[in-house]
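J.:
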Amino acid sequence: MANKLMKHSKNVNGKWYCTSSADENGEGCIACGVCYGSLPNIFAEDENGEAYVICQPDGQGEISLAEEQMNACPVNAIGNNG
Ligand code: SF4
Numbered sequence: 482m483a484n485k486l487m488k489h490s491k492n493v494n495g496k497w498y499c500t501s502s503a504d505e506n507g508e509g510c511i512a513c514g515v516c517y518g519s520l521p522n523i524f525a526e527d528e529n530g531e532a533y534v535i536c537q538p539d540g541q542g543e544i545s546l547a548e549e550q551m552n553a554c555p556v557n558a559i560g561n562n563g
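Here this note's numbering is used: the sequence shown runs in plain steps of one and ends on residue 563.
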């Protein structure tokens, strides 16, 4: 599970978040581009290519899509317990 104490500063408030690359536990975003490349209405990239949540998923359809990205993230940098 992503570390909710290491959220990216640009995440919008809510359950869903991405973690900062500064996470010392190795679960920070590595800027792979998967989540915002696949679901750009929920995830966005900052100036360093790191991901943050730009809009909280709304409804079961969007939540399912966000869950797909959470499972696809190679470093567990997406969480939904924020
Ligand atoms: S899938 Fe994970 S590592 Fe890749 S950009 Fe998104 S949060 Fe970062």
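Using N, Cα and C, we set each Cβ at its ideal position, and we do this for glycine too.
Below 8 Å on the Cβ atoms is my guess for A483 versus I559; work out the distance and round it to an integer in Å.
T.: About 6 Å; that satisfies the 8 Å criterion.
J.: By the three-class DSSP mapping on this structure, what secondary structure does G560 have?
T.: The answer is strand: DSSP assigns G560 an E or B state.
J.: So is the beta-carbon of I480 under 7 Å away from any non-hydrogen atom of the ligand SF4?
T.: Any property of residue 480 remains undetermined from this structure, which presents the chain solely from 482 to 563.
J.: From the DSSP output, read off the bridge partner residues of E526.
T.: E526 is bridged to A532.
J.: Return the chain-ordered list of same chain residues with a C-beta closer than 7 Å to the C-beta of N529, the five sequence neighbours on each side being excluded.
T.: Result list for N529: A512, in chain order.
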